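Here the structure comes first, spelled out in structure tokens, and everything after it is commentary.
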Amino acid sequence: MFEKTEQWLSPLSPNQVLAAISTVFASEKARIHEDEDSLDIRTGSNWQYRLWGNLFSWGRRNIPVAITVRVRTAEQGTEIEAHAFDTFGIRLTDQAFFGAEETFEDRLSELLAMAASAAKASPEA
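Per our numbering, the very first residue in the sequence shown carries number 16; after that it's consecutive.
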């Protein structure tokens, strides 16, 4: 399983952070579930990735990944914790597809960067 966690600070309110991140991922046709203080975002397709694999751009665009964003009010805005991970499911080995590790790592980093940018966030000190 591939995963990354980051923490940021944002000058926006918690509601503004969740709305901004939700808007960015909605444009990506992600499946979004919103709670009072969190978002669960799912992108890609396990079926499409298994069908097309890592060697084709269509397969790489459909890597099944998710990001969970939790927010908490801070003195000067909002503390954000984002956890990105794959939802690929059962696999025979971690190397089932050539270059999969790099592709998953790149996609998780891309998701986290999208969320941070939408929230106008900076790394937490």
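Note that CB positions come from ideal geometry on N, CA and C, so glycine has one too.
Note that the structure is predicted; figures quoted are calculated from it, not measured.
From the DSSP output, read off the bridge partner residues of residue i.
i    : result
Q22  : E96
T38  : T38 is not bridged to any residue.
R87  : E94
E49  : L54
A81  : R57 and F100
P138 : W23
Sort the options by Cα distance to residue i and report the nearest one.
i    : options               : result
T58  : D52, A41 and V80      : V80
A128 : I36, S28, N30 and F17 : I36
E18  : A133, L126 and L66    : L126
M16  : P138, A131 and L123   : L123
Do residue j and residue i count as a contact pair if the criterion is CB distance below 7 Å?
i   : j    : result
I82 : A99  : yes
V32 : T102 : no
F40 : I56  : yes
I95 : A133 : no
R75 : T118 : yes
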